[in-house]
Every structure is written in C-alpha cells, then in structure tokens.
Ligand SMILES: O=P(O)(O)OP(=O)(O)OP(=O)(O)OC[C@H]1O[C@@H](n2cnc3c(O)ncnc32)[C@H](O)[C@@H]1O
Ligand SMILES: [Mg+2]
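Residue numbers (this note's numbering): 640 to 813.
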C-alpha cells in the first residue's frame, strides 16, 4: 500500500510511519498546502487544514491513502488550547478525522498568537531552540520531554489507521 503524507515535517512523517509499521507500506511525503491560515485558530479551521492536506496528498501522490496532519489553537474560557487534528483520505470514502492531545498554552505564548504570530517561531523564541516544531514540539517543551510531537502525532495517526481498518473492513495486517 502506498501512503502519501501531506507534509515534509519529519515529526509528522515519523508518526505516520509508526502507525503503519506492521504493514508493508511505501511512504511518500509531499508539501501540500493546508488551504487555511498558517496558524489555524479553531478546531474547525484546523480540521479543514488536515482534510485539505489529506485530499491533496491523495490527489497528487498516486497512492491509496493520503494523510494530513495540522496543528492549531482553540480559544476557550480557560485560555488558549493547542490542538492537533489529522485526516485520512482514501478513494470511495469520506475523509476520516481524529483529534490529538490538547493542553493550555501559557499566557505569554497565547498572547503572541492572538497578536498574529505563528506558534512555530514563538516556540523557538520561548524555548531558545531551533526548529522545535520539527522535533519535540510545543508538547515536548511543556511536558518536559515526557510526550514529544512524534508521540502525540503517532497516537493521532493510529486513531486514523484504526478507523480506516474498521470502516474499510480491512481487519488484518494493521
Ligand atoms: O510543515 P508543516 O506540515 O506545515 O508543519 P508545521 O510544523 O508548520 O505544523 P502545522 O502547519 O500543522 O502547524 C500550524 C502552526 O502551528 C505551529 N505548531 C503546531 N504545533 C506545534 C508544536 O507542537 N510545536 C511548535 N510549533 C507548532 C506550526 O509551526 C505552525 O506555525
Ligand atoms: Mg505549517
């Protein structure tokens, strides 16, 4: 089976590979635009970004499955939550979606996002590191490394693969 990942971010690619590790799969990654803002600001917008990337990956990659993963934030009465969404597109079915971990961002970070900055560069600045988004992620920083961005996305992509197995009736191999 050929799996097309709609991102070149290594944290996302590794997560998808982890979730299909029991299957004989070929992986390809393509930089597919999310079609939403660089920093999605709601669950709805983040889900839409994930679906657009999954559909785009399937359309452009000549494979059986397209996967889109998108990070975003959601305003709540408790503060700004980091949210993560994924979508799996396959021919002949509606895209499947699944959500990942969510947790509150500190006000110092949240305020900068509300002012229009993107989480990626804000996290590098906050943590005084480079490319946090491609490594441990914000989740890795704010959990002291207990859960990193690959772990977080692997849970999410496994929810997608499991649902694909259930709804497509492919029970074996996953
Ligand atoms: O190359 P792509 O696939 O676009 O990967 P990305 O890291 O930019 O990830 P998203 O577009 O899905 O995330 C939207 C924005 O939120 C940032 N972001 C999301 N989750 C993050 C995390 O855990 N750590 C750091 N930045 C994060 C990200 O850098 C973008 O600015
Ligand atoms: Mg991005």
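C-beta: ideal position from N, C-alpha, C; glycine also. The structure presented is a predicted model; accordingly, all values stated were derived computationally and were not measured.
Could you compute how far the alpha carbon of residue 677 sits from the alpha carbon of residue 712?
In the chain shown, counting from the first residue as 1, residue 677 sits at position 38. In the chain shown, counting from the first residue as 1, residue 712 sits at position 73. Whole-angstrom Cα-Cα distance: 11 Å.
Three-state secondary structure (DSSP) at residue 795?
Start at 1 with the first residue of the chain shown, and residue 795 comes out as number 156. Correct three-state label for residue 795: helix.
Taking the continuous alpha helix (DSSP H) assigned at residue 683, which residues delimit it?
Position 44 of the chain shown holds residue 683. Counting along the chain, the alpha helix (DSSP H) containing residue 683 begins and ends at 682–700.
Restricting to Cα atoms, I'd like to know which of 647, 650, 806, 646 is closest to residue 817.
This structure gives no information on residue 817, because the portion of the chain shown stretches from 640 to 813.
Any idea what DSSP makes of residue 659, helix, strand or coil?
Stepping through the chain shown from its first residue, residue 659 is reached at position 20. Coil at residue 659, not helix or strand.
Here's a check: name, in chain order, each residue in its chain whose Cβ is nearer than 6 Å to the Cβ of residue 692, leaving out the five neighbours to either side.
Your numbering for residue 692 matches position 53 in the chain shown. Excluding positions up to five away in sequence, the list reads 645, 671, 673, 707.
Count the other CB atoms within 10 Å of the CB of residue 792; is the residue buried (16 or more) or exposed (fewer)?
Within the chain shown, the letter at position 153 stands for residue 792. Answer is buried; the Cβ neighbour count reaches 16.
Name the one or two DSSP bridge partners that residue 712 has.
Here residue 712 refers to the residue found at position 73 of the chain shown. Looking at the DSSP assignment, residue 712 forms a beta bridge with 721.
Smallest Cα separation from residue 724: which of 774, 771, 788?
In the chain shown, the residue the question calls residue 724 occupies position 85. Among 774, 771, 788, the Cα nearest to that of residue 724 is on 788.
Would you mind listing the alpha helix (DSSP H) stretches within the segment 758–802 that are 4+ residues and don't spill past its ends, in chain order?
Segments of the alpha helix (DSSP H) lying fully in the segment 758–802: 758–766, 776–781.
Under three-state DSSP, which class holds residue 728?
For the purposes of this step, residue 728 is taken as residue 89 along the chain shown, with counting starting at 1. Three-state DSSP puts residue 728 in a strand.
Look at the alpha carbon of residue 727 and the alpha carbon of residue 688, and state the distance between them as a whole number of angstroms.
Mapped onto the chain shown, residue 727 falls at position 88. Mapped onto the chain shown, residue 688 falls at position 49. Whole-angstrom Cα-Cα distance: 12 Å.
What number of angstroms, rounded off, separates the C-alpha of residue 749 from the C-alpha of residue 780?
The residue labelled residue 749 in the question sits at position 110 within the chain shown. The residue labelled residue 780 in the question sits at position 141 within the chain shown. So the alpha carbons of these two residues sit roughly 15 Å apart.
Return yes when the C-beta of residue 648 is under 6 Å from any heavy atom of ligand 4, and no when it is not.
Of the ligands one can find in the structure shown, namely ligand 1 and ligand 2, none is ligand 4.
Check whether the segment 760–767 touches the segment 733–751, taking contact to mean three or more Cβ pairs, one atom from each stretch, closer than 8 Å.
Segments in contact, yes.
Can you tell me whether residue 807 is helix, strand or coil according to DSSP?
Your numbering for residue 807 matches position 168 in the chain shown. DSSP places residue 807 in helix when its eight states are reduced to three.
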